[in-house]
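Chemist: Taking this note's numbering, the leading residue of the sequence shown gets 418, the next gets one more, and so forth.
The structure that follows is given in the form of structure tokens.
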Amino acid sequence: MSQFTSEDEALLQSMLRQLLQSVKEKITGAPSVECAEEILLHLEETDENFHNYEFVKYLRQYINNTLGSVIEEETEKCTAAQNQGEVSGYDTFVQHVTKKTRESKEYREMMHALKNIMMVVVESLINKFEEDQMRNKEMDSKTKKECQSGYYTDNCSDSDSSFNQSYTFMSQEQLQLLVERLDPIQPKEVRQEALQTLCFAPPSDVLNSKSWPNLRKHLTMSLSDPDATFSEKVLRFYARTFSSSPFNKTREVYTSLAQHLEFYFLSGEYSLRISAGLDVSNADINHLLRKVRLLNEYQKEAPSSWIRHPEKYMEEIVENTLSLLSVKHDPNHPDSQDFLSPVYFLALLDIKAVWFKKWTHAYYSRTVVLRLLEKKYKSLINAAVQQCLDYFEFCKAAVNTTSRVNDFSQQYSSDKQKFSYTGPELQYVYFVHSLCLLGRLLIYKQGRSLFPVQLKNKKDCVSLTDLLVLFTQLIYYSPSYSKTTLAAHTDNYSPESLVMEILQVFCDQTGCAAEFLYTDAVIDALLHPVQSLLSGTEVYINCLETTLIDVADILARFAAVEEGLSILLYGGNKNSAKEDSPTAVHVIVQFTKKLLHDGISLLSGSELLPVVKGAFIFVCRQMYRTCEGLQMLIPYGLHESIGEAWKKMSLLSERVPTPVTGADSTSSISLESKNILLWEETLLDALLNFSATPKGLFLLHSTGAMNDCVSFMFNSLSKKLQTNECEEFGNGVIIAQLATTPTGAVALQSSGFIKALVTELWTLLECGKDDVRITQPKSTPVDPIDQSCQKSFLSLINLLTYPAVLELLSKHDIPNKPTYSLREVPTDIIDIIDRLIILNSDAKIHSLFSYEQSHIFGLRLLNVLCCELNTLLFLETRYKVSQVLLTAQEENVTETSEGPGDIIIDGLSVERNHVLVRVYLIGGPQERILPQRVLDKGSDPYPWPMFSSFPLPKCYLAKIPRKTEFRQDKDLDKLLSLLKNPDKQSGWADICRRQFCKVMKARPDIISGTILAELIEKFVSHLSESRMDCYFSSESYKAMDADVKKESLSSVQQLGVEMTVRYGKYLNLLKEHAENDLCYVLMNCEQFLKQQQTTVVSSLHCLQGRYAGYDWFASSVFLIMSGDREKTLMFLQQFSRLLVSAFLWLPRLHVSVHLPITTVESGIHPVYFCSAHYVEMLMKAELPLVSSAFHMAGFSPSQICLQWITQCFWNYMDWSEICHYIATCIFFGPDYQEEALHGFRVSDYLEYMESLELIYRPVLLKDMKNIRVQNTTLP
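Right under this line is the structure:
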């Protein structure tokens, strides 16, 4: 500061002068010095340009240079204190640093130096004040002379507020004198001098004086003064008042101006007509426009202030405005329709009705505006609707006569200044204003309640739906340009773009659009150009491509929400769709297919044809992403059409040269080549979205494009491209569906997705983000899985289904390397198992930076994987997982003088204990007890006994409830009698079903044990003898010898037999030596089914040889038959003839001759693309919130459904409920498969399932019966 020079002083003077000049308007409007100081003190809060002032920038830099080191030092001290718990919270942190900085020596020195500098600068400014005053006086006198001589001209009445002139503070007496001199009876010279004096008075003094009411009257009358200069002065005073006075006073000024204008338009001297046009260069019209502009500027600013004042003030402004805009000519007057009303002038100045948008934005003002419109000024809405109707009729007539509609939108948005408007141009401007006003009105419920409206020249009322149909028709009847043309204009006033904006906003309003927007009338209006093109009728549409793109955009928004999708699929009445008139989905998909096959002659050769195709494909995609939508589209084979189009484009794209790094992109790849690549990606994206549903994924496989689609998805995810707003959570579901099938899992592996997922996980677990500057050390994670890793954990769970595990791990053994580098990053699933789960060596442990956290992650992952029993058997037989965990528990013990002690209780041992119990025990929620994975408070934090060898402690086995004593039941006796003495009439099976249902509802507990076995055995036996009930052809089979060795089974089956027998003995269903009997059943089943299998050459492991998983259904029947192998085998042979066997007994259709060869080669079981598919469809229809939760979480219900059905609900339901599930499906059919929840009882939901049968059985059972035919299209 000691080096402060004259140059610095001059610079600071300039900066300070700039600041004061910028805030001069605010300061001069202050009623007192104290108020001016208050304004300056709060300048940062009120001035959006505060931080752009050079003086503020200078001060900030100066403070930073002086106090920067002090602030940093205090911040570090406070951070350390915060880590120790001494300071908590961000606000406290900031307050602490601020306080310490202000108490520092540097701060005091800085303030002292700044004060000295500013004193010098301010003193210099004061010294120059007299010069400025003299200059201002000269300018004032010059201005007065110009005014008196009549040469005063000002082209902007509401922008210049005499800020370069001095204020004259006046007393109440002086103001009263001014009022008297401004009285219209006074001579003109007196009034002019009084008005000139008034302009120099502070507005606050004038508005707060007792004379203001009388002054306001005089000023209102003066606005009509024939002397334009005089009325211009009044307008200038009004403008200055608006900018510097509080709302409670400016409202009086506003109403004065509004009332003056209303009086003027109603007076006889106003005679402007629409047909005559409007010449803005005319002085009178220009003056009138400036009055309306000042009114409009205040309209747009007032909403920011009126909420702080009584509602009556706002209501006064609103009512005066609506009253003005409602001014019309006498209806009986011959020129009433040609009257150029005030709303035309407002529309010229605010064509998009921004004032109305701001007034209706907040509920506070919107309520008042809409209430007044409804009660007093509905004519304003009627006029707006009438204007839209008139413009539509004008456009329609012009188009039908093949003449070109004069396009005013481009004229209005052009940069050339316009000085005159013709009558049609004025009508168009008012139409745009009306359109924007109505569009805003429709957003709100109270605004929609203003409809229907009754127009004078129409017999019927115009309903809200009629208005929306009108808007829709404007898309293709009004003038429009191609998207490339519109891109050149920043402001587009074409009706098409304005209507699109309104409809898009309306579509985005949740809950409000269904009743009015999703109607057959609106859909028919949208599809009119599409149906015309399909039928080949002559089309009179301006810019066909743009129209079709807009229509597709709205249709896609419809399809993105449940109500809109329903109207597209089923029409207005879902239960009774008209057969003679197809619903929208049929029209859309037919048109899309015709587009793909280039069957629309009017569009051939168009540059925008690929965009139109993509737009309609996207509409279809929004529908076939859902189960019900896909069901409607399947008959059209759209996936085949898209697949064929993709194959053609992929051949063309192979010729496109690879872009060269560093070369100009425009030169290395032509525009045509870019379009080819873009179109190919559009088609791949469309095909990829078929995999959002199980059946869609099956259709995608039939196109042969799965690998390319998955690679495209991975590339998009790698680039972190923004997904469509309608599909925010889509990718997670698609990945889950892909991972549920073997072909999908292989595609994910080959695309690099799995490698990227594993690498990202390892980075989060072991590497951390070292490149990020850490101002505060990370807290040590206390959750088993850190929050940063949860997303990767869920992704792995989604990915590692049994089909995926089988394909990804069948060829891999555990590496078990002697050494592991710290820089060695896993790239595959086997590496995750090796490095995080099976830590059986010191080399693996030492290779981890976060050993405990990473190993717990692996154990948690293993715990979830083992819930799928086939995955458990695979991991156990291949990698001996349980033995690794038992060994780890055995080594994790305390050392005592007597030898190894108890197992140490820590995070890892607790996790291992939980996994070991889950792996060893089979049972439902009430049949096994899983230990907790958290410690309790108290003296015994972990009461669960740990172990290092099998079998488990008995405390993990729940006690089986005693069987209820069998009591005679008439309904059961009747059922048994029907089964023992079957009547071969056609209705016998239905009678048995009804009787079974009656027993299940009344006494479900008695359907168990030998009774259950007898029921299903007799029922299946009789059905298998009926040709009508047999779905599969019967094959003769003679059972193998009794001496079947366990070793002849696969290792997975052997372990499955052990687990089944252990479970059966726990349930007291099996006796000793049951293992051999079960092996006998499984071997014979395998041989019996082998007779009905075909040979497939495939790289998929699931299709190589025998069924890869364990036969859980056969094991369940073995337990139901209490271990009787002959009964079990006979039942399974008879059962295999029925349709239900295909969906309960998964090995039944393994590489079966009963399936089309394409279905077999896909490795996708019908249970997935049939049963699981319809579970998703039913869930969305019956439990929409649950379905949405799955979708948002990125999980697929079908994935879980497939797992449950595959293992016959073992480990998810208790044994009694598993028996009821099997019996229910056998008696009622395969479409009775459903989900299990905690505490679920089949008998409790039979009535609900019967109600679902009435709705869904025709579709579900029909599809299940079609598994033998080619399933890419419905028959």
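Beta carbons are placed, not taken as given, at the ideal position from N, Cα and C, and that holds for glycine.
1) Enumerate, from N- to C-terminal direction, the unbroken alpha helix (DSSP H) stretches of 4 or more residues contained entirely within the stretch 1207-1256.
2) Report yes if the CB atom of Leu1555 is closer than 8 Å to the CB atom of Tyr1585, and no otherwise.
3) By Cβ distance, which residues of its chain are closer than 7 Å to Leu1047, with the 5 residues on each side in sequence left out?
4) Can you name, in chain order, every residue of its own chain whose Cβ lies under 6 Å from the Cβ of Leu765, other than the five neighbours on each side?
5) Identify every residue that forms a DSSP beta bridge with Ile1320.
6) Can you have a look at Phe1266 and say buried or exposed, based on whether 16 or more other CB atoms are within 10 angstroms of its CB?
7) To the nearest angstrom, how far is the alpha carbon of Leu1223 from that of Asn1233?
8) Whole angstroms is fine: what's the gap from Ser740's alpha carbon to Glu669's?
9) Could you say which of Val1301, Ser866, Asp1319 and Ile1034 lies nearest to Leu1333 if we only look at CA atoms?
10) Tell me the rounded alpha-carbon separation between Leu689 and Gln754.
11) Taking the continuous alpha helix (DSSP H) assigned at Lys650, which residues delimit it?
12) What are the boundary residues of the alpha helix (DSSP H) that Pro620 is part of?
13) Exposed or buried, which one is Glu454 when buried takes at least 16 other CB atoms within 10 Å?
14) Here's the rule: buried if 16 or more other CB atoms are within 10 angstroms of the residue's CB, otherwise exposed. What is His945?
15) Compare the Cα-Cα distances from Glu1183 to each of Phe1129, Ser1264 and Glu733 and report the closest residue.
16) Give the secondary structure of Leu858 by DSSP, where H, G and I count as helix, E and B as strand, and everything else as coil.
17) So, for Leu972: in the same chain, excluding its five sequence neighbours on each side, which residues have a beta-carbon less than 6 Å away from its beta-carbon?
18) Between Ala1606 and Ala1162, what straight-line distance do the alpha-carbon atoms span, to the nearest angstrom?
19) Mind checking whether Leu1178 and Glu1269 have CB atoms under 8 Å apart?
20) Assign Phe836 to buried or exposed, taking buried as 16 or more other Cβ atoms, counted over all protein chains shown, within 10 Å of its Cβ.
21) What is the rounded straight-line gap between the Cα of Glu932 and the Cα of Gly989?
22) Could you tell me whether the Cβ atoms of Thr1294 and Val1006 are closer together than 8 Å?
23) Does the Cβ of Gly685 have 16 or more other Cβ atoms within 10 Å, making it buried, or fewer, making it exposed?
24) In this structure, does DSSP put Gln1504 in helix, strand or coil?
25) Between which residues of its own chain and Thr1176 is the CB-CB distance below 8 Å, once the five residues before and five after are set aside?
26) Tell me whether Tyr761 sits in a helix, a strand or coil according to DSSP, three-state version.
27) How many Å lie between Gln435 and Leu429 at the Cα?
28) I need the DSSP call for Cys1625, collapsed to helix, strand or coil.
29) How is Arg1554 classed by DSSP in three states: helix, strand or coil?
30) Let me check understanding here. Comparing Cα to Cα, which of Leu1278, Val487 and Val514 lies closest to Glu526?
31) Identify, in the order they occur along the chain, each residue of the same chain with its Cβ nearer than 6 Å to the Cβ of Leu1292, setting aside the five sequence neighbours on each side.
32) Our contact map puts Thr1160 next to Gly1526 with C-beta atoms below 8 Å; I'd like the distance itself, whole angstroms only.
33) Anyone know if the C-beta pair for Leu599 and Val623 falls short of 8 Å?
34) Could you check where the alpha helix (DSSP H) with His1439 kicks off and where it finishes?
35) Taking its Cβ as the centre, do 16 or more other Cβ atoms sit within 10 Å of Lys522, making it buried, or is it exposed?
36) Considering only the alpha carbon of each residue, which of Leu1101, Ser866 and Leu1217 lies closest to Ser1058?
Modeler: This is what the structure gives:
1) 1219-1226 and 1246-1249
2) As a position in the sequence shown, residue 1555 is number 1138, starting the count at 1. As a position in the sequence shown, residue 1585 is number 1168, starting the count at 1. Not closer than 8 Å, so no.
3) Counted from its first residue, the sequence shown places residue 1047 at position 630. Answer for Leu1047: Tyr1041, Thr1110, Lys1112 and Gly1113, listed in chain order.
4) By 1-based counting over the sequence shown, the position of residue 765 is 348. Excluding positions up to five away in sequence, the list reads Val846.
5) Counted from its first residue, the sequence shown places residue 1320 at position 903. DSSP lists Val1310 as partners of Ile1320.
6) Position 849 of the sequence shown, counted from the first residue, corresponds to residue 1266. By the 10 Å Cβ count, Phe1266 comes out exposed.
7) Residue numbering aside, residue 1223 sits at position 806 when the sequence shown is read from its first letter. Residue numbering aside, residue 1233 sits at position 816 when the sequence shown is read from its first letter. Cα-Cα distance, rounded: 20 Å.
8) As a working note, residue 740 is residue 323 in the sequence shown. As a working note, residue 669 is residue 252 in the sequence shown. Each residue's alpha carbon lies about 16 Å from the other.
9) For the purposes of this step, residue 1333 is identified with residue 916 of the sequence shown, where counting begins at 1. Residue Val1301 is the option with its Cα nearest to Leu1333.
10) Start at 1 with the first residue of the sequence shown, and residue 689 comes out as number 272. Start at 1 with the first residue of the sequence shown, and residue 754 comes out as number 337. Each residue's Cα considered, the two are about 12 Å apart.
11) In the sequence shown, residue 650 corresponds to position 233, counting from 1. First-last of the alpha helix (DSSP H) with Lys650: Ala645 to Ser661.
12) Stepping through the sequence shown from its first residue, residue 620 is reached at position 203. Per DSSP, Pro620 belongs to the alpha helix (DSSP H) from Pro620 to Leu624.
13) Within the sequence shown, residue 454 is the residue found at index 37, counting from 1. With fewer than 16 Cβ atoms within 10 Å of its Cβ, Glu454 is classed as exposed.
14) Within the sequence shown, numbered from 1, the residue matching residue 945 stands at position 528. It is buried - the Cβ of His945 has at least 16 other Cβ atoms within 10 Å.
15) Here residue 1183 refers to the residue found at position 766 when the sequence shown is read from its first residue. Of Phe1129, Ser1264 and Glu733, the residue nearest in Cα terms is Ser1264.
16) Numbered from 1 along the sequence shown, position 441 holds the residue referred to as residue 858. Reduced to three states, the DSSP call for Leu858 is helix.
17) Residue numbering aside, residue 972 sits at position 555 when the sequence shown is read from its first letter. Closer than 6 Å at the Cβ level, and outside the excluded window around Leu972, lie Val1036.
18) Taking the first residue of the sequence shown as 1, we reach residue 1606 at position 1189. Taking the first residue of the sequence shown as 1, we reach residue 1162 at position 745. Computed Cα separation, rounded: 24 Å.
19) Residue 1178 sits at position 761 when you count from the first residue of the sequence shown. Residue 1269 sits at position 852 when you count from the first residue of the sequence shown. Their beta carbons are not under 8 Å apart, which means Leu1178 does not touch Glu1269 by this criterion.
20) On the sequence shown, residue 836 is found 419 positions in, with the first residue counted as 1. That one is exposed.
21) As a first step, residue 932 is located in the sequence shown; it is residue number 515 there, counting from the start. As a first step, residue 989 is located in the sequence shown; it is residue number 572 there, counting from the start. Cα to Cα, the separation comes out at about 10 Å.
22) What you label residue 1294 is simply residue 877 of the sequence shown in a count that begins at 1. What you label residue 1006 is simply residue 589 of the sequence shown in a count that begins at 1. No, Cβ-Cβ distance for Thr1294 and Val1006 is not below 8 Å.
23) If you number the sequence shown from 1, residue 685 lands on position 268. By the 10 Å Cβ count, Gly685 comes out exposed.
24) Against the sequence shown, residue 1504 aligns to sequence position 1087. Here Gln1504 sits in helix by DSSP.
25) By one-based count along the sequence shown, residue 1176 stands at place 759. Closer than 8 Å at the Cβ level, and outside the excluded window around Thr1176, lie Val1242, Pro1243 and Thr1244.
26) The residue you call residue 761 lines up with position 344 of the sequence shown. Note: Tyr761 maps to helix in three-state DSSP.
27) Reading the sequence shown from its first residue, position 18 is the one you call residue 435. Reading the sequence shown from its first residue, position 12 is the one you call residue 429. If you take the alpha carbons of Gln435 and Leu429, they lie about 10 Å apart.
28) In the sequence shown, counting from the first residue as 1, residue 1625 sits at position 1208. Three-state result, Cys1625: coil.
29) Against the sequence shown, residue 1554 aligns to sequence position 1137. It is coil, neither helix nor strand.
30) Counted from its first residue, the sequence shown places residue 526 at position 109. Out of Leu1278, Val487 and Val514, Val487 has the C-alpha closest to the C-alpha of Glu526.
31) Walking along the sequence shown from the start, residue 1292 turns up at place 875. Counting only Cβ-Cβ distances below 6 Å, and skipping sequence neighbours, we find Val1298.
32) Reading the sequence shown from its first residue, position 743 is the one you call residue 1160. Reading the sequence shown from its first residue, position 1109 is the one you call residue 1526. With 8 Å as the limit, Thr1160 and Gly1526 do not qualify as a contact, their Cβ atoms being about 17 Å apart.
33) To locate residue 599, count along the sequence shown from 1; it is residue 182. To locate residue 623, count along the sequence shown from 1; it is residue 206. Cβ distance not < 8 Å, so Leu599 and Val623 don't count as in contact.
34) Within the sequence shown, numbered from 1, the residue matching residue 1439 stands at position 1022. Note, His1439: alpha helix (DSSP H), Gly1426 to Ser1441.
35) Position 105 of the sequence shown holds residue 522. Exposed, since its Cβ has fewer than 16 Cβ neighbours within 10 Å.
36) Residue 1058 sits at position 641 when you count from the first residue of the sequence shown. Closest by alpha carbon: Leu1101.
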